[in-house]
Each structure stands twice: as C-alpha cells, then as structure tokens.
Amino acid sequence: MFGVRYKGLRIEPTLSATRELLKYDKDLTDVLEILNEGYDCGASKRRSNIIEKCIQKGNKEFKAVVAKTTIKYPDGYKESVWRLIHFGKVTFRKR
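When the letters of the sequence shown are read in order and numbered with the numbering used here, they come out as residues 44 to 138.
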C-alpha cells in the first residue's frame with residue numbers, strides 16, 4: 044500500500060483522507076485506479092497542481108483529489124509526492 048505511485052510520485056494520504064478511505068473500505072490502490080481510469084469531475088476550477096478525478100461503479104461515483112506537494116523530512120531530504128486530500132462517494136438515485 045505504501046509503494047503506490049502515480050506518474051512516478053508516491054501517493055501519500057492526509058489524516059482526514061485516511062479516515063475517508065477507511066470509512067468506505069478503500070485503499071491507495073483504489074485511488075490509483077481512479078486516477079488512471081477516471082474522468083475529470085471538478086465542479087470548479089482548481090489550482091494547476093491539484094487533480095480531481097472520479098469513476099462510476101454501478102450507481103456510485105467515487106472521487107479522489109490529489110495535490111502535488113513537496114515534503115521536507117527532519118534530516119533535510121525533500122521529496123515530491125501526490126498528497127491525497129479528499130476521497131468521497133456519491134450515490135445516484137432514480138427520480
């Protein structure tokens with residue numbers, strides 16, 4: 044789960060995104076699937092370093108939002124990563 048990479052960079056979830064993944068019983072491989080196979084679903088314009096993608100499975104739509112950031116560790120090492128900032132699910136109902 045920790046070696047999941049998108050466009051050569053590691054995907055690292057925030058604490059709130061980790062809780063959202065656990066809530067829906069998903070992991071980073073599911074996020075990678077959404078990023079690779081999903082479609083752009085942003086309702087509003089986001090910054091250039093943020094990607095928002097969705098994938099529809101049955102009557103549910105899963106959304107993953109990642110931001111490209113640089114992390115600096117205490118030993119001075121810097122690493123660029125995709126930070127998962129949101130994971131969500133929407134259910135469609137017939138009207």
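C-beta: ideal position from N, C-alpha, C; glycine also.
**OP:** Would you mind giving the Cβ-Cβ distance between Lys69 and Lys103, rounded to the nearest angstrom? I have them listed as a contact below 8 Å.
**Re:** Sequence index remark: in the sequence shown, residue 69 carries index 26 (1-based). Sequence index remark: in the sequence shown, residue 103 carries index 60 (1-based). Contact doesn't hold; Cβ gap of about 11 Å is too wide.
Subject >> Extent of the continuous alpha helix (DSSP H) to which Ser59 belongs >> reply: If you number the sequence shown from 1, residue 59 lands on position 16. Residues 58 to 66.
**OP:** Have a look at Ile77 and Lys121 and give me their C-alpha separation to the nearest angstrom.
**Re:** For the purposes of this step, residue 77 is taken as residue 34 along the sequence shown, with counting starting at 1. For the purposes of this step, residue 121 is taken as residue 78 along the sequence shown, with counting starting at 1. Roughly 27 Å between the two C-alpha positions.
**OP:** Could you tell me whether the Cβ atoms of Leu127 and Glu80 are closer together than 8 Å?
**Re:** Residue mapping note: residue 127 aligns to position 84 of the sequence shown, counting from 1. Residue mapping note: residue 80 aligns to position 37 of the sequence shown, counting from 1. Cβ distance not < 8 Å, so Leu127 and Glu80 don't count as in contact.
Original post:
Exposed or buried, Lys96, counting other C-beta atoms within 10 Å across all chains shown (16 or more means buried)?
Top reply: Against the sequence shown, residue 96 aligns to sequence position 53. Buried: at least 16 other Cβ atoms inside 10 Å.
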